[in-house]
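Written below as structure tokens is the structure these notes are about.
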Amino acid sequence: MKALVLTGSTSPSPPLHSFLSTKSLLLSPLFSISTNFLGSPNLQKPFFPIRFSAVPMTTFARSPRTETPQTNPNRIEAENDAFNDYVRHCRAVTSDLVSCVPVSGEKSNTLCMRTVLDEIGGEEDEQEDNLWQQMKVEASSDIDQEPILFNYYFSSILSHDSMENALANHLSMKLGDSSLPSGTLYDLFVGLLTQDQEIMIAAKDDLRAVKERDPACISYVHCFLNFKGFLACQAHRLAHKLWSQGRKIIALLIQNRVSEVFTVDIHPGAKIGKGILLDHATGVVIGETAVIGNNVSILHNVTLGGTGKVSGDRHPKIGDGVLIGAGTCVLGNVRIEDGAKIGAGSVVLKQVPARTTAVGNPAKLIGGKENPIKLDSFPSFTMDHTSDISKWSDYVI
Amino acid sequence: MKALVLTGSTSPSPPLHSFLSTKSLLLSPLFSISTNFLGSPNLQKPFFPIRFSAVPMTTFARSPRTETPQTNPNRIEAENDAFNDYVRHCRAVTSDLVSCVPVSGEKSNTLCMRTVLDEIGGEEDEQEDNLWQQMKVEASSDIDQEPILFNYYFSSILSHDSMENALANHLSMKLGDSSLPSGTLYDLFVGLLTQDQEIMIAAKDDLRAVKERDPACISYVHCFLNFKGFLACQAHRLAHKLWSQGRKIIALLIQNRVSEVFTVDIHPGAKIGKGILLDHATGVVIGETAVIGNNVSILHNVTLGGTGKVSGDRHPKIGDGVLIGAGTCVLGNVRIEDGAKIGAGSVVLKQVPARTTAVGNPAKLIGGKENPIKLDSFPSFTMDHTSDISKWSDYVI
Amino acid sequence: MKALVLTGSTSPSPPLHSFLSTKSLLLSPLFSISTNFLGSPNLQKPFFPIRFSAVPMTTFARSPRTETPQTNPNRIEAENDAFNDYVRHCRAVTSDLVSCVPVSGEKSNTLCMRTVLDEIGGEEDEQEDNLWQQMKVEASSDIDQEPILFNYYFSSILSHDSMENALANHLSMKLGDSSLPSGTLYDLFVGLLTQDQEIMIAAKDDLRAVKERDPACISYVHCFLNFKGFLACQAHRLAHKLWSQGRKIIALLIQNRVSEVFTVDIHPGAKIGKGILLDHATGVVIGETAVIGNNVSILHNVTLGGTGKVSGDRHPKIGDGVLIGAGTCVLGNVRIEDGAKIGAGSVVLKQVPARTTAVGNPAKLIGGKENPIKLDSFPSFTMDHTSDISKWSDYVI
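Protein chains in written order, with UniProt numbering: chain A, 1 to 397; chain B, 1 to 397; chain C, 1 to 397.
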């Protein structure tokens with residue numbers, strides 16, 4: 001089985017309508033794009049010619065969801081070994097679209113899929129291209145189902161020859177206003193994405209993270225177009241690049257627009273890793289000197305805040321693979337170590353050791369301070385917020 | 001005393017200005033509607049002729065507020081009987097605009113006003129019409145006080161011949177953007193509201209719920225135009241209809257726009273009853289498999305969330321008459337039974353029995369797990385968040 | 001060293017470009033202001049002539065930050081004396097831009113900088129003018145760094161001859177929509193600001209409060225243009241003025257727009273003092289009968305809410321100098337007395353005595369109910385959320 005995929009190259013055939021499987025789409029007025037898009041930079045590009053390449057649908061058919069067993073069958077007595085087992089197990093059942101990093105001290109010894117791909121080289125480029133191609137397939141399937149979305153999907157996905165351009169366009173359409181018109185933002189964002197390839201690599205890891213961990217995410221294009229956590233995170237990556245270049249004024253202006261449009265307030269100075277899921281995202285606040293590792297999952301209304309009015313390093317440091325539940329406040333320059341889990345509604349003012357679970361207000365470790373229960377899987381991957389409650393004696397109603 | 005009410009019928013007299021009691025309104029340029037409304041579908045309708053009907057103001061003059069006594073004088077020894085007494089009492093003092101359902105097992109035995117009306121038939125239609133007529137009276141009174149709002153009230157209320165059209169128009173104006181222009185949304189929404197009468201019945205119950213329970217709500221039209229909780233809930237009802245028809249793509253797109261515009265994130269799969277108050281509403285998150293009963297009051301920043309990344313039934317089930325305080329997280333497929341109350345800032349991971357009060361992080365039952373204190377009134381109706389604190393020994397500062 | 005400052009007076013020289021230090025700015029088409037600003041009322045004003053006055057940069061060079069020592073060296077045995085010492089100390093090290101009020105009973109005996117200035121008279125006007133001049137200096141410095149922001153800064157800051165006009169314009173640009181177009185809002189706001197000088201005095205105190213207490217605030221103009229907490233607070237001041245004039249309909253409409261645009265929901269009936277910092281601001285909810293004193297700092301997701309559905313005085317009363325941490329709910333008509341601190345994520349249902357710290361859910365006083373530890377500095381000034389945790393035995397992980 002093959003699927004036709006839009007690409008941006010210049011081969012003139014087959015014609016555009018060949019991928020449109022419903023008659024109504026044929027009638028969609030290609031040149032009467034809604035005036036809502038006037039000012040959108042992508043209109044300045046020629047609509048034709050657009051080439052269609054045939055790629056095997058099977059490339060995208062397998063599920064990227066990791067079906068992690070709730071009880072890890074590989075668990076053995078030595079906890080660290082068990083944890084490494086989890087990491088290996090995670091690799092084994094994971095599709096090649098899943099980024100996966102080890103937790104805590106074993107980093108250098110544990111090869112993960114992404115590292116392998118990096119070393120092989122070339123394959124990753126292909127994989128990245130595949131992701132964008134898959135999104136175009138998803139987009140054409142979506143407008144097949146909902147022809148009234150043709151204009152929107154065309155201008156936001158199908159008319160772009162790369163995810164970079166599509167992301168720059170989509171963010172600039174969302175964030176543009178009288179302070180920074182969409183056109184200005186688009187040029188700015190395209191420039192930054194061209195300068196720094198790392199931003200797109202991280203953005204693609206984020207896309208995979210959302211698709212992997214959020215059961216409500218039905219496709220990559222669904223996340224890309226709709227998820228304000230994803231979009232706020234990418235806007236932050238761009239603002240952070242500007243901040244690191246010393247362009248503080250415009251970085252702060254973007255922070256503010258993201259706070260208004262997506263209600264996600266991330267200071268452009270904050271450092272955020274790859275493979276990040278900001279689920280629901282409303283009300284997230286992340287301070288200037290916060291650092292977030294890779295493969296972290298953060299729910300809505302989470303605060304990584306400072307304390308005191310003194311400048312300087314004053315915000316939390318979040319390790320790899322951490323999960324932070326909804327409505328939690330982590331305040332001050334404290335470390336949440338790799339693989340830790342913070343329950344919903346917690347208030348955390350002190351360090352949380354690796355692979356432990358902290359819950360409550362004030363937060364306490366499940367199992368007690370002296371001998372906390374250690375997690376045998378990445379909580380950010382399992383998204384399991386509640387399975388340890390029977391171990392927390394207070395958590396009985 | 002009589003009040004003139006705009007209706008949408010075609011009788012040509014009296015002329016429009018007869019209901020405008022201030023001179024300044026006469027000068028309002030009817031045909032120079034602000035260009036802000038260009039694209040609004042209601043402009044495609046002829047402005048004239050508009051008929052005015054005279055309805056007795058007294059129809060609307062009585063207060064719809066239930067003045068529930070803080071201590072129910074009917075309370076007797078057997079708790080269930082006392083609760084039924086409450087329900088009867090509630091019916092007795094309630095105006096005919098109040099929807100009222102019984103709690104827990106006594107449902108089939110307790111007739112409530114709405115059920116009575118359903119059985120009588122005809123009367124409900126009249127009541128529904130009365131609600132829309134009352135809103136037009138309120139609207140004309142508002143522009144009497146604030147002539148600068150004439151254009152807005154005309155295009156959003158007075159130019160519509162039914163609440164369905166006005167709601168479709170108002171939501172499409174709020175949610176429309178380049179992804180789904182207002183005109184497209186309007187056509188979509190009008191179609192759904194015509195197909196499924198239940199949506200408007202629920203919307204009207206919601207309007208009454210807000211007016212009844214929120215002392216800050218000064219009129220139905222105030223709620224209809226301004227309350228983002230009300231508007232987000234109606235947008236959800238429309239998205240849920242699309243979702244149940246298999247139109248997932250567009251349902252999810254509407255969810256996203258509602259999350260951006262109103263910061264209320266309700267998955268279109270969630271099932272929500274009638275008579276719902278989402279007070280303030282900022283930050284509310286409701287997951288795909290959540291179910292909410294009738295006559296529920298939910299404050300801002302409440303999460304009905306899942307746990308784990310496994311698909312399937314993973315979100316809370318909220319019974320009738322439940323009150324959930326601000327900032328509370330209910331996580332997992334747990335039941336909050338009929339008439340329960342959850343205090344502000346609570347974290348709930350287990351079932352809460354009917355008519356009990358759960359508070360804290362982790363939530364505990366007031367009165368203790370074995371013998372919790374039972375409420376003798378619907379907390380969602382009384383909106384009483386705090387009166388039991390003296391029974392919770394911890395709640396002393 | 002001197003800096004050129006834009007003022008609104010009519011002296012024709014030096015020409016505009018003299019303050020534009022980069023060539024690109026010379027090329028900025030002054031008369032081709034982005035169409036995004038069409039409809040902005042400031043375009044109706046002539047762009048020229050604009051006079052530039054030279055003011056000493058040193059006027060603005062000193063840091064307005066109070067470097068309050070973490071341990072107050074003046075602390076003596078009698079607590080009240082120590083606290084007064086703090087107030088005096090605060091005055092001593094504070095720049096003349098810092099507003100400073102005493103806490104609790106000592107008010108009448110403690111002169112603060114602002115009071116002194118009020119008595120001297122004249123000087124305050126000068127100081128107020130200086131603030132606006134400083135913001136113009138900051139604005140010209142910003143566009144020096146980011147020429148693409150020229151249009152925005154010109155229309156929002158540099159083209160205005162007073163902060164009143166700039167504030168009215170900026171808020172009307174942010175809040176305007178089809179319900180209340182920007183032009184209508186601008187006229188309304190300018191009228192209110194002209195009628196009631198107190199609003200601008202409070203707004204300027206707020207600007208100084210943000211700059212003083214939030215290390216992430218890099219300049220007054222940064223706060224003025226970007227901080228949604230600041231903007232929401234000023235929009236509330238305008239809505240409250242309308243409310244107190246009996247113009248409830250339009251006051252409530254502004255409340256709703258602020259809730260949509262800034263996700264800050266403040267009932268126009270609420271009374272709010274001067275020198276207010278709403279940090280991050282997302283999700284703040286303040287009820288109709290709430291009263292907030294002077295020099296208060298409130299973090300995001302804070303609720304000052306009611307309980308029950310009875311109208312009347314039902315919301316919290318917040319004293320001077322109070323700090324309320326992120327995600328905290330204060331419910332009911334309870335007093336948070338002067339100088340108190342409420343930790344993040346707390347639920348407060350009872351009075352909190354002056355200068356004490358309440359934390360947790362339910363909130364408890366640090367040090368215990370009988371003998372709570374008393375703060376020796378204003379928590380709203382120090383923004384110290386966490387330094388007492390060692391005294392709260394529960395706050396150990």
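Yeah, the Cβ is synthetic: ideal placement off N, Cα and C, and Gly gets one too.
Since we're looking at a predicted model, the values are computed, not measured.
Alpha-carbon to alpha-carbon, residue j and residue i
i                 : j                 : result
Lys271 of chain C : Met383 of chain A : 43 Å
Ile254 of chain B : Ala235 of chain B : 8 Å
Ile148 of chain B : Leu185 of chain C : 10 Å
Ser297 of chain A : Thr263 of chain A : 18 Å
Gly325 of chain C : Glu288 of chain A : 18 Å
His385 of chain C : Asn226 of chain A : 35 Å
Thr357 of chain B : Ser178 of chain B : 45 Å
Pro379 of chain B : Thr303 of chain C : 20 Å
Ile336 of chain A : His315 of chain A : 11 Å
His300 of chain C : Ser159 of chain C : 32 Å
Gly105 of chain C : Pro353 of chain C : No answer about Gly105 of chain C holds up, because its pLDDT of 35 lies below 50 and its placement is not dependable.
Val334 of chain A : Ala239 of chain C : 41 Å
Val258 of chain B : Leu231 of chain A : 16 Å
Asp338 of chain A : Lys350 of chain A : 15 Å
Arg355 of chain A : Ile318 of chain C : 41 Å
Asn361 of chain C : Val284 of chain C : 18 Å
Pro372 of chain C : Lys341 of chain C : 12 Å
Ile143 of chain A : His267 of chain C : 43 Å
Neighbouring residues, chain A, relative to residue i (Cβ below 8 Å)
i                 : result
Ile250 of chain B : Glu146, Ile148 and Leu149
Residue i burial status per 10 Å Cβ neighbour count (16 or more: buried)
i                 : result
Gly269 of chain A : buried
Ser172 of chain B : buried
Gly246 of chain B : exposed
Gln133 of chain B : buried
Lys369 of chain B : exposed
Ser346 of chain A : buried
Glu212 of chain C : buried
Thr282 of chain B : buried
Asn151 of chain A : buried
Glu198 of chain B : exposed
Asp320 of chain C : buried
Chain-ordered neighbours of residue i on chain B, where CB pairs are closer than 7 Å
i                 : result
His385 of chain A : Thr307 and Leu331
Proximal residues of chain E, C-beta to C-beta of residue i below 8 Å
i                 : result
His300 of chain A : Chain labels in this structure do not include chain E; the protein chains are A, B and C.
Chain-ordered neighbours of residue i on chain C, where CB pairs are closer than 8 Å
i                 : result
Phe262 of chain B : Glu260
Helix, strand or coil at residue i [DSSP, three-state]
i                 : result
Lys317 of chain B : strand
Val137 of chain C : helix
Arg335 of chain B : strand
Val258 of chain A : helix
Ser297 of chain C : strand
Gly183 of chain B : helix
Leu167 of chain A : helix
Asp214 of chain C : coil
Ile324 of chain A : strand
Asp279 of chain C : coil
Leu304 of chain A : strand
Within chain C, the residues that residue i reaches when beta carbons sit closer than 7 Å
i                 : result
Glu288 of chain A : Ala216
Proximal chain B residues relative to residue i, where beta-carbon distance stays under 9 Å
i                 : result
Lys228 of chain A : Asn256, Ser259, Glu260 and Asp265
Proximal chain B residues relative to residue i, where beta-carbon distance stays under 8 Å
i                 : result
Tyr152 of chain A : Ser178, Ser179 and Leu180
Inset, instruction - Let me know the beta strand (DSSP E) ranges lying completely inside the segment 337-373 of chain A, each 3 residues or longer, listed in chain order. - result: Taken in chain order, the unbroken stretches of beta strand (DSSP E) that lie wholly in the segment 337-373 of chain A and span 3 residues or more are 357-359.
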